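Written out below as structure tokens is the structure these notes cover.
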Amino acid sequence: MTLPDRLLMGPGPSNPYPEVTAAFAQPLLGHLDPEFLRILDETCDRLRTVFQTTNALTLPISGTGSAGMEACFVNLVEPDDVVVIGVNGVFGERMCEVARRAGATVVRVDAEWGQPIDPQRLLDAQAANPQARLVAVVHAETSTGVENDIAPLAALRNTDSLLLVDAVTSLAGIPLEVDGWNIDACYSGTQKCLGVPPGLSPVTFSARAVDRIGSRTTPVQSWYLDLGLIGDYVGTARKYHHTAPTGMIVALHAGLGAVLDEGLDAVWARHHDVGRMLQSALVTRGFDLIAPERSRLPQLTSVRLPAGLDELALRRRLLAEFDIEVGGGLGAFAGIAWRVGLMGHTARRRSVSTLLGALDTML
Ligand code: PLP
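The sequence shown lines up with residues -9 to 353 when you count with our numbering.
Dropping the structure here:
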């Protein structure tokens, strides 16, 4: 069976780096094979470099980005804890739901979809709820193409509230400094700017977060996502917890290698340059960019289509006639907007020119 060869320009997954595709062609290793364990350790080291952290507890969770989100909440929150969550899109909403199911009382800080959350409002909400265990926010809102400013939240260091950041779409796409911004817990996904297929969620936890987990008075509700147990497998104890998805970890190792060989600065610059190239080209064709310029992500562009165009029909034609996938709008933007991804290996000038050529042919 041969699947179609698509240019993946949706909100994710992106096309894998060639190094990743080559890694998948390797023979499979067992999950306790010394060679696999060496690759696992190196993968965790590479994740530390990409997250810009020295956190000991840094590892890929077996599951997609949502598993990383869930792992953060269930390990850091106990029933009846208060958590402050910024919401300006689908993934902030999802955080609220996951926190609520973990037994937390959620204090929401809402901003309009398509606009960033003012970090001062999150700090004010924490000051009004100093008992809050967590302040959580999405760095790159994939549903709207908006970047939320994280750096000012480093001030939470002086409070009892931990800072939790969703970096699913930001890691290896735009600058993210886990240690520099005093982030206590951060999760990502493999399928976006890391250029690896979906299936793993890199996570990292500060010493403060590890202490918090250690001082829990109730067990973590999820056995599978209990970091105490997972840490015994990934750490030196090597105690069996679950059968690690070895093929995916070898692929992540290769994707991280590609990112680090290119260099983080160069990777961020590439995403920035192609994102801006696409955005200005779409504006000249009558598209309307949703996110304000200072908060506009380069790796995920949300645009309203020019009046009179049928967004679904055009997307279907892009896929059927040109093998290009772009994403539709979500929530308030459903039916009127597109989300165009330029992430990881897809973040190339040739992706932009291929999409523009197809659009120009169709319009
Ligand atoms: N957070 C953000 C910002 C996302 O974009 C996504 C997925 O698109 C998720 C969380 C959930 O990740 P996954 O779909 O890999 O479970």
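By construction, the Cβ of each residue, glycine as well, lies at the ideal position given by its N, Cα and C atoms.
None of these values were measured; they are calculated from a predicted model.
In its own chain, which residues sit with a C-beta less than 8 Å from the C-beta of I239, not counting the 5 before and 5 after it?
Cβ within range, chain order: F26, I29, L30, T33, P50 and L190.
Taking DSSP's pairing of strands, which residues face I220 in a bridge?
I220 pairs with nothing; no bridge assigned.
To which residues of the same chain is W103 closer than 8 Å at the C-beta, ignoring the five residues directly before and after it?
Cβ within range, chain order: N78, G79, S133, T134, G321, A322 and F323.
Using 8 Å for Cβ pairs, my map puts V136 next to V264. What's the rounded Cβ distance?
About 18 Å separates the two Cβ atoms, so there is no contact after all.
Let me know the beta strand (DSSP E) ranges lying completely inside the stretch -9 to 79, each 3 residues or longer, listed in chain order.
Within the stretch -9 to 79, the complete beta strand (DSSP E) runs of at least 3 residues are -3 to -1, 47 to 52 and 72 to 77.
Shorter than 6 Å, the distance from the beta carbon of D70 to the closest heavy atom of the ligand PLP, or not?
Checking the Cβ of D70 against the ligand PLP gives no.
Classify D174 as helix, strand or coil using the three-state DSSP reduction.
Here D174 sits in coil by DSSP.
Using CA coordinates, which residue listed in R339, L332 and L(-2) is at the minimum distance from S160?
Checking every option, the nearest Cα to that of S160 belongs to L332.
Please list, in chain order, all residues of the same chain as V96 whose beta carbon is under 7 Å from its beta carbon, the five residues on each side excluded.
The residues are V73, I75, C86, A89 and R90.
Whole-angstrom Cβ separation of F81 and E131, contact assumed at under 8 Å?
Yes, F81 and E131 are in contact; Cβ-Cβ is about 6 Å, under 8 Å.
Give the C-beta separation of V186 and P6 to the nearest angstrom, bearing in mind that I take them to be a contact with Cβ-Cβ under 8 Å.
About 6 Å; that satisfies the 8 Å criterion.
Is D156 a contact residue of the ligand PLP, with contact defined as CB to any heavy atom under 6 Å?
Under cutoff, so the answer is yes.
Is V128 a contact residue of the ligand PLP, with contact defined as CB to any heavy atom under 6 Å?
Under cutoff, so the answer is yes.
Which term fits G245, buried or exposed, when burial requires 16 or more other beta carbons within 10 angstroms of its beta carbon?
Burial call: buried.
Could you spell out the range, first to last residue, of the alpha helix (DSSP H) harbouring V257?
V257 -> alpha helix (DSSP H) spans L254 to T274.
What are the boundary residues of the beta strand (DSSP E) that includes S191?
L190 to F195 is the span of the beta strand (DSSP E), which, as asked, contains S191.
Does the distance from the C-beta atom of D150 to that of P109 stay below 7 Å?
For D150 and P109, no; Cβs fall outside 7 Å.
I believe T354 touches E68 by the beta-carbon criterion, under 8 Å. Please report the beta-carbon distance rounded to the nearest angstrom.
In the structure as shown, the chain begins at -9 and stops at 353. Residue 354 is therefore absent and cannot be evaluated.
Taking 6 Å as the cut-off, is the CB of G55 close to at least one heavy atom of the ligand PLP?
Under cutoff, so the answer is yes.
Tell me, please, whether the stretch -1 to 19 touches the stretch 194 to 209 by the rule of three or more beta-carbon pairs shorter than 8 Å.
No, the stretch -1 to 19 is not in contact with the stretch 194 to 209.
Would you call N65 buried or exposed, if buried means 16 or more other Cβ atoms sit within 10 Å of its Cβ?
Buried, by the Cβ-count rule.
Rounded to whole angstroms, what is the Cα-Cα separation between G53 and A271?
Near 36 Å, if we compare the C-alpha coordinates of A271 and G53.
Between R147 and N172, is the Cβ-Cβ spacing less than 7 Å?
A contact, by the Cβ cut-off of 7 Å.
If I measure Cβ to Cβ from P(-6) and keep anything under 7 Å in the same chain, skipping five residues before and after, which residues do I get?
For P(-6), where only same-chain residues beyond five positions count, the Cβ hits under 7 Å are D313.
So which of V316, T44 and I280 has the shortest CA-CA distance to Q105?
Nearest option by C-alpha distance: I280.
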